[in-house]
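Just so you know, my numbering puts 25 at position 11 of the sequence shown, and the rest follows in order with no gaps. Think of the CB as a built atom: it goes at the ideal place given N, C-alpha and C, for glycine as much as any other residue.
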Amino acid sequence: MNPQVKFKFVGENPPDDLPTFLFSLSNVPYVRPFVAARNIKLQLASEAHLSELLNPQNIAKINAGGFDLIESPELRASCTVICKYVDRSLLAKPSESLHSEISDKNGVKASITKTKFSLKIRCATPQEANKLLTNGVKAFSIFIPSHYLKAQALAPTVRVPILPSVGSAPPGNIF
């Protein structure tokens, strides 16, 4: 499935052709644009085009052009790494110092969420998350190897049809 990314035009006057204007800002080719008023969803050809579009220089140019990135659940999940079996001494550290330590030692721009026994690291780009997944996480004097890390999985939601109750079935139908 081709990756998709959404943007919203927040400037004063939207251009007549949003896809062409967005392409002129980023120079990243897309397969198909979907435009609705001030919103645009781009279907890209590959993950490489997605990473090229989401690099910080392109995002800065796109923001300067009047577009804001709308993060989809898929994009958020691809940027998130979950660390299982984290040492208690690491979890006892304050969140601010843990954030700065992980960002500095691993060369990523990330936000940290602590749970009882694990860490959730939300990186700025999917490339940074892949870097952590392959190299592991360094923080203070502790190293979390890559086999204790996993990418956050997006659980698809399935709509369940509503079945009629037993007493409301029309005559002649047997369940």
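- The Cβ-Cβ distance between alanine 143 and serine 92 falls below 8 Å.
- Judged by beta-carbon spacing, proline 87 lies within the 8 Å limit of leucine 168, meaning their Cβ atoms are closer than that value.
- Following the DSSP letters along the chain, one finds aspartate 118 in no beta strand (DSSP E) but inside the alpha helix (DSSP H) bounded by residues 109 to 120.
- The shortest C-alpha to C-alpha distance from aspartate 30 to any of Lys134, Thr129, Arg52 is the one to Arg52.
- Secondary structure note for alanine 124: its beta strand (DSSP E) is the uninterrupted segment 124 to 128.
- Three or more Cβ pairs closer than 8 Å define a contact, and the stretch 101 to 115 meets that threshold against the stretch 151 to 160.
- With distances taken between CA atoms, alanine 50 lies nearest to Pro28 out of Ser38, Tyr44, Phe37, Pro28.
- By the C-beta criterion, the stretch 59 to 73 is judged to be in contact with the stretch 36 to 51, since at least 3 inter-stretch pairs fall below 8 Å.
- Here the C-alpha atom of isoleucine 76 lies approximately 19 Å from the C-alpha atom of glutamine 141.
- In the DSSP assignment, phenylalanine 81 falls within the unbroken beta strand (DSSP E) covering 81 to 84.
- The continuous alpha helix (DSSP H) containing glutamine 71 extends over residues 70 to 78.
- Between alanine 138 and lysine 119, the CB-CB gap reaches or exceeds 8 Å.
- Around the beta-carbon of phenylalanine 21, 16 or more other beta-carbon atoms lie within 10 Å, marking it buried.
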